[in-house]
Each structure stands twice: as structure tokens, then as C-alpha cells.
Amino acid sequence: MENQQPQAKIREFIMRRLQAKGDMAPFEDSDVLVTGGRLDSLDVVEMISFLEGEFGLNFSIIGFDRAYVDSVNALMRLISSPAPHS
Amino acid sequence: MGSSYSLKFNYFGKDITPSFLARAQTIWGEVASLKFNYFGKDITPSFLARAQTIWGKVELVAIFAGFWWSFDASSTYLPVILAITLCAFIPRYRWHIVAAATLIVFALNPFWFNPTLPDFVAAQEGVTNQINFNFLHYGIALFFFCFALAVIVCKQRFGHLAVLRRPIMALLFLYFTLVLVASQHVCHGLAQVLLWSFITMFGGYFWFLGYALLDGSAATTPLLLRLGTFHPFWGSSTTPIGKGVSNLHNVEAKDAIELAVIQIKGMRLIIVCSILHLVLTWFVLATHTYLGLPSLNEAIEHQAMGVPLSLASCWATLLASFVETVMRIAVWGNSIVACARMAGFNLLRNTYKPLQSRTLAEFWNRFYFYFKELLVDFFFFPTFLRYFKKHKRLRIIFATFMAAFVGNIIFHFMRDIDLVLRVGLVPAIAKFQTYAFYCFLLATGIAVSQLRPRASVQGSLLHSVQFSSCCVIVFFCLISVFDDGGEYRVPLATALSFLRRLFW
Numbered sequence: 001m002e003n004q005q006p007q008a009k010i011r012e013f014i015m016r017r018l019q020a021k022g023d024m025a026p027f028e029d030s031d032v033l034v035t036g037g038r039l040d041s042l043d044v045v046e047m048i049s050f051l052e053g054e055f056g057l058n059f060s061i062i063g064f065d066r067a068y069v070d071s072v073n074a075l076m077r078l079i080s081s082p083a084p085h086s
Numbered sequence: 001m002g003s004s005y006s007l008k009f010n011y012f013g014k015d016i017t018p019s020f021l022a023r024a025q026t027i028w029g030e031v032a033s034l035k036f037n038y039f040g041k042d043i044t045p046s047f048l049a050r051a052q053t054i055w056g057k058v059e060l061v062a063i064f065a066g067f068w069w070s071f072d073a074s075s076t077y078l079p080v081i082l083a084i085t086l087c088a089f090i091p092r093y094r095w096h097i098v099a100a101a102t103l104i105v106f107a108l109n110p111f112w113f114n115p116t117l118p119d120f121v122a123a124q125e126g127v128t129n130q131i132n133f134n135f136l137h138y139g140i141a142l143f144f145f146c147f148a149l150a151v152i153v154c155k156q157r158f159g160h161l162a163v164l165r166r167p168i169m170a171l172l173f174l175y176f177t178l179v180l181v182a183s184q185h186v187c188h189g190l191a192q193v194l195l196w197s198f199i200t201m202f203g204g205y206f207w208f209l210g211y212a213l214l215d216g217s218a219a220t221t222p223l224l225l226r227l228g229t230f231h232p233f234w235g236s237s238t239t240p241i242g243k244g245v246s247n248l249h250n251v252e253a254k255d256a257i258e259l260a261v262i263q264i265k266g267m268r269l270i271i272v273c274s275i276l277h278l279v280l281t282w283f284v285l286a287t288h289t290y291l292g293l294p295s296l297n298e299a300i301e302h303q304a305m306g307v308p309l310s311l312a313s314c315w316a317t318l319l320a321s322f323v324e325t326v327m328r329i330a331v332w333g334n335s336i337v338a339c340a341r342m343a344g345f346n347l348l349r350n351t352y353k354p355l356q357s358r359t360l361a362e363f364w365n366r367f368y369f370y371f372k373e374l375l376v377d378f379f380f381f382p383t384f385l386r387y388f389k390k391h392k393r394l395r396i397i398f399a400t401f402m403a404a405f406v407g408n409i410i411f412h413f414m415r416d417i418d419l420v421l422r423v424g425l426v427p428a429i430a431k432f433q434t435y436a437f438y439c440f441l442l443a444t445g446i447a448v449s450q451l452r453p454r455a456s457v458q459g460s461l462l463h464s465v466q467f468s469s470c471c472v473i474v475f476f477c478l479i480s481v482f483d484d485g486g487e488y489r490v491p492l493a494t495a496l497s498f499l500r501r502l503f504w
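Chains L and D supply the protein sequences, listed in that same order.
Under the working numbering, the residue at position 64 of the first sequence is numbered 64, and the numbers go up by one with no gaps.
Under the working numbering, the residue at position 246 of the second sequence is numbered 246, and the numbers go up by one with no gaps.
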């Protein structure tokens with residue numbers, strides 16, 4: 001995962017979370033996964049830790065909205081915006 | 001003669017005639033199609049196409065209306081059915097229909113969360129004869145909604161101010177300050193009635209207002225339409241089912257095909273709820289009437305009076321109470337979700353196969369989804385994002401305790417605030433000792449469950465899955481001894497004594 005692009009890292013992380021629950025269905029970058037019910041609160045907790053560790057995001061500064069982590073596209077927007085990094 | 005020969009040949013013969021085969025295919029084809037369309041998991045293209053036609057929509061709404069009668073036969077039945085009919089035929093105006101229907105349902109029952117409280121305070125203050133209660137209800141409601149609009153606008157315009165950067169904390173502070181003032185009888189007579197009525201309405205809508213304040217991305221929706229999602233017409237308790245405007249935008253039908261799919265899912269869910277409702281009725285009849293089992297609270301009262309039930313009866317009561325609670329929550333919550341789906345919002349089920357949960361956290365997620373979401377959104381995430389960021393385990397434990405313990409107690413204290421009015425502030429807090437212990441056990445269980453690594457579904461053997469599920473059920477059965485369903489009558493020592501009775 002070290003040399004991967006951010007999008008690939010995010011997709012791999014989400015895929016691992018889904019597979020751990022037996023959800024093998026594919027997903028598009030635009031698919032809403034949290035509000036759509038495929039990822040639950042525990043997955044979001046893991047995702048926050050992943051984003052903080054991997055991309056240096058600081059949610060205590062930017063605040064938190066599930067819309068930020070709802071899809072691969074939303075996550076890409078989040079990590080490419082300048083403000084949220086600590 | 002020909003007819004009896006045909007009968008014999010068709011029903012007793014060795015071979016099958018082509019005509020009989022064709023007829024059987026038609027009959028079973030119809031039954032199978034009925035089963036597939038109304039109970040199946042998938043949706044056939046033909047059924048989906050029909051659901052988009054005028055008659056298909058009429059059929060779906062009519063079926064829903066028939067089953068909905070068993071859940072809501074009150075004065076709100078007609079406005080609700082009218083609203084989902086309009087949502088089916090003119091989905092472009094869905095948000096306006098939702099707001100209008102919510103307003104009508106509200107007007108029919110403005111103090112839906114605690115209808116007797118204003119009357120009780122008025123009687124306590126001796127001013128019943130001086131008050132027009134209709135005027136009071138609508139006046140307080142108008143005042144509260146103006147207050148809610150002002151708070152939302154302030155959050156949008158002055159969100160950078162310290163007090164509005166943590167709006168839920170500020171609202172909780174305001175709410176409990178008002179409760180303190182009311183409980184100390186600073187005001188008297190009509191002023192006290194007005195104060196308690198406002199506190200009650202504030203508490204009833206607190207979490208709806210909370211979601212409106214968290215909804216940063218919903219700012220483009222007109223304010224009055226946002227208010228239409230406060231206890232929307234499809235129903236809820238003080239726990240919102242459908243979490244604010246942006247969540248509803250995410251799950252609403254975007255086109256005619258999506259609307260048809262969501263409405264079919266809504267129609268199927270109300271059928272499932274009706275069947276479960278029937279099973280629940282039979283279950284209650286079987287356990288309480290035929291087997292003569294008492295309710296859990298009655299069993300605990302027997303224990304307190306020194307006439308404990310037999311060990312077998314204690315366990316049977318505990319298990320029956322647990323099953324009954326799970327079914328009640330499932331029927332109640334999922335019927336509301338079904339109604340929201342008929343309006344075109346593809347909400348997740350409130351209860352989804354909780355008995356298949358393999359961990360305590362999973363059960364908590366599946367049992368009462370929207371309450372869990374409330375605690376997570378208002379207590380877990382704000383804590384998790386701020387504290388102990390360098391200590392992963394401590395971070396999860398602390399955030400879980402803030403949600404399942406602190407948040408849970410705050411939510412129930414606000415929901416049952418009339419306890420303060422009836423017995424006073426300090427005795428009301430004291431009455432929460434048993435429920436606080438329940439929350440402590442719950443939080444501990446969920447925290448431990450979250451720290452343990454998740455087992456992969458693929459690698460698990462069937463028996464280990466079943467064993468995990470049994471452990472989860474036993475845990476929730478046992479801690480339910482400390483949750484007396486909002487009555488707060490059982491002292492902690494009595495509940496502990498009943499728990500001890502279960503083991504020796």
C-alpha cells in the first residue's frame with residue numbers, strides 16, 4: 001500500500017472493510033457506502049483512523065460530516081482540499 | 001363419464017395430461033408470482049414496470065394503506081395515506097408534500113411526545129381553569145419553531161462564534177438550565193405552565209434540531225422544508241427516523257424507476273411488519289395468558305416482595321421479555337421505515353436480523369439502528385475526533401462510554417423529563433440509578449466488543465457463529481434486568497437480587 005495512489009489506497013481500504021463483512025459486491029467511486037448502508041459506524045471509526053494516519057487529516061479542526069466519507073469521490077475531495085490537514 | 005375419467009386421470013393417474021400440466025403451471029405460476037412480487041427479495045422487471053404505471057402505483061398505495069391501518073387507525077391515518085399517494089404521483093413536489101403532511105399531522109396532535117404534561121402542570125399550579133389548552137399547545141409550538149429557526153439561522157451565519165461551534169453542547173446547557181429553573185419553582189402559576197410546556201416541546205424536538213444543526217450540507221434547502229423533517233409525518237419517537245435533510249436527500253428516489261423500487265420495498269416491509277405484528281400478538285398471548293408468565297418488571301417485583309419465582313420461571317420470563325422487546329422495536333420502527341419508503345425515501349431498516357449478530361456492537365447496530373445512530377452522531381464522533389487521538393484503544397473506550405453511557409442517560413432523562421415534574425429533580429436523578437447501571441454494562445460490553453478483532457465471515461464455522469450469537473443474546477437478556485422500560489421503579493439492589501436469583 002506504500003506506493004499506491006490515494007484513490008487506490010482508499011478503494012483497497014473500503015474493499016477490505018466490505019469483505020470482512022462478507023460483502024463481495026463491487027462498488028463505483030460515486031456509490032454512497034455509509035448512507036447507503038454498506039458501511040456502518042464501526043467502519044466509519046476505522047476509516048477516520050485510516051484517514052488520520054495515512055493522509056494526516058485532522059477532523060477536530062474541520063468537523064465531521066458523514067457526507068465527507070460517504071464515497072470514494074467524497075473521500076478524494078476531502079483529502080485533496082487544503083484545509084483539513086493537521 | 002368423460003369427466004370422472006379426467007378426474008381420475010389427473011389426480012390418480014400415472015401420467016400427466018398436457019392440459020392439466022398447463023393449468024397447474026398457471027395456478028402455481030400465479031402463486032409463485034404473488035410470492036415473488038410481494039414477499040421476494042428481488043424485483044422482476046415486469047413488476048417493476050407495472051409499479052411505474054398509474055394502476056401499479058394505485059395498487060402499491062392501496063396495499064400499503066390496507067396494512068397501515070393495523071399500525072395507525074387514528075386521525076392521522078388519512079393525511080399519511082394522502083401524503084404517500086401524492087408522493088407517488090407527483091414526486092417532484094415530494095419535499096413540499098412532506099412538509100405539508102408533517103404540519104397537518106402535527107396540528108392534529110401537537111404534544112405527541114407527552115400529551116398529558118401541560119395539563120398536569122396546570123393542575124399542580126391550580127390554573128387549569130385559566131388556560132385554553134389548544135391555544136397553549138399551538139402557542140408554545142409556534143414559539144418553539146421560531147426559536148428553532150433562529151438557532152438554525154444563527155448557526156449558518158455566525159457558526160464561527162465559540163458558542164455555535166459546539167451547538168449541541170450549547171443546546172444541552174440551555175435545556176438543563178431551564179429544567180433546573182423549572183424544578184426549583186422560580187416561576188409560579190401560568191409562567192410555570194409555560195416554562196414546562198416549552199421544556200417538553202424542546203425535549204421532544206431536541207434531536208431533530210440537533211440533526212438540523214449538524215447538517216452542514218443541507219443549507220441550500222429552504223428553512224421551512226427543513227422544519228418539515230422534524231418528526232416527519234411517517235412517524236418517530238423523540239429519536240428521528242431519517243436523520244435530517246442531507247441524509248434524506250441522499251436516500252430519496254432520483255427517478256421513476258428508483259421510486260418504484262423504493263415503494264415496492266416499502267410495501268414489502270409493511271407486509272413483513274404486519275406478519276411480525278401478528279406473531280407478536282400470538283407470542284404475548286402464549287407467554288402471558290396460556291403459560292402465565294409475568295412481565296419482567298412483575299417478576300422483579302415478586303423478588304422485591306420476598307416471593308421470588310422459580311428459577312425456570314425467572315429464565316423463561318427473561319427470555320420471553322427479550323424476544324417481545326425485539327419484536328416490538330422491529331414492528332414499530334420498521335413500519336415507520338416502510339411509510340418513509342412509500343414517500344420515496346429509501347431509509348435503512350430500524351431493526352435488521354438482530355438475533356444473527358455475532359458481536360455486542362453488531363447487535364447494538366442492528367437492534368435499534370436510529371437510536372444507535374443518534375448516540376454515535378451526537379456523542380461518539382464528537383468525542384472520538386477530539387480526545388486521546390494518540391491512544392487508539394483508550395480513544396474508542398472513552399468515545400463508547402460517552403455515547404452508550406453518558407449519551408444514553410442524557411437521552412432517557414430528557415425523554416422522561418416529566419419524572420422531574422412529578423417527583424422532583426434529586427429523586428428523579430436517584431431513580432435513574434438502575435438505568436445508569438444498565439448503561440454502564442452496555443457501554444462496557446460494546447467497548448470490549450469493538451476492541452476485539454472482527455472474525456471474517458468466510459472463515460467462521462456455522463457452530464461458532466451460532467455460539468457467538470447465543471452469547472450476544474444472553475448478554476442482552478441479562479442486562480435487560482436493569483432496564484425497566486422507562487418506568488424507573490426498580491431500585492438497583494432489587495434488580496441485582498433478581499440477577500443473582502437467575503444463577504442460584
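Beta carbons are placed, not taken as given, at the ideal position from N, Cα and C, and that holds for glycine.
Considered as a whole, the segment 33 to 102 of chain D harbours 45 to 51, 54 to 68, 77 to 89 as its complete alpha helix (DSSP H) runs of no fewer than 4 residues, in chain order.
When C-beta atoms of the segment 304 to 317 of chain D are compared with those of the segment 243 to 262 of chain D, fewer than three pairs fall below 8 Å, so the two segments do not count as touching.
Rounded to whole angstroms, the gap between the alpha carbons of D:R92 and D:I264 is 19 Å.
Taken in chain order, the members of the segment 246 to 263 of chain D whose beta-carbon sits within less than 7 Å of a beta-carbon on chain L are S246, N247, N250, V251. Within the segment 129 to 158 of chain D, complete alpha helix (DSSP H) segments of at least 4 residues are found at 133 to 157, given in chain order.
Here the C-alpha atom of L:L18 lies approximately 18 Å from the C-alpha atom of L:P6. Bridge pairing for D:F369: absent [DSSP]. In terms of Cα proximity to D:G204, the closest of D:C477, D:L224, D:G235, D:K392 is D:G235. Under the Cβ criterion (8 Å, minimum of three pairs), the segment 395 to 413 of chain D counts as touching the segment 364 to 384 of chain D. Contact with chain L is found for D:A361, since one of that chain's Cβ atoms lies less than 8 Å from the residue's Cβ. Per DSSP, the continuous alpha helix (DSSP H) segment holding D:T325 begins and ends at 311 to 342.
In the DSSP assignment, D:R358 falls outside any alpha helix (DSSP H) and carries neither an H nor an E. Going by DSSP, D:F384 is part of the alpha helix (DSSP H) stretching over 381 to 384.
At a cut-off of 8 Å, the C-beta of L:S81 has no neighbouring C-beta in chain D. The secondary-structure analysis by DSSP pairs D:F345 across a beta bridge with D:E252. Proximity of chain D to L:D40 at the Cβ level (cut-off 8 Å) is accounted for by N365, in chain order. Using a 10 angstroms sphere on the CB of D:F503, the tally of other CB atoms stays under 16, which defines it as exposed. 8 Å or more divides the Cβ of D:L103 from the Cβ of D:T76.
Short of 6 Å from the beta carbon of D:F113, and not among the five residues preceding or following it, lie these beta carbons of its own chain, in chain order: G204, T238. Against chain L, a Cβ distance below 7 Å from D:R386 picks out S60. Under the Cβ distance rule, L:V32 counts among the residues neighbouring chain D, one pair being separated by less than 8 Å. Contact between D:W68 and D:I270 holds: their C-beta atoms lie close to 6 Å from each other, under 8 Å.
Between L:F55 and L:I79, the alpha-carbon positions lie close to 7 Å from each other. D:Q124 and D:V261 have their C-alpha atoms some 52 Å from each other. In this structure D:A162 is exposed. Its beta-carbon is surrounded by fewer than 16 other beta-carbon atoms within 10 angstroms.
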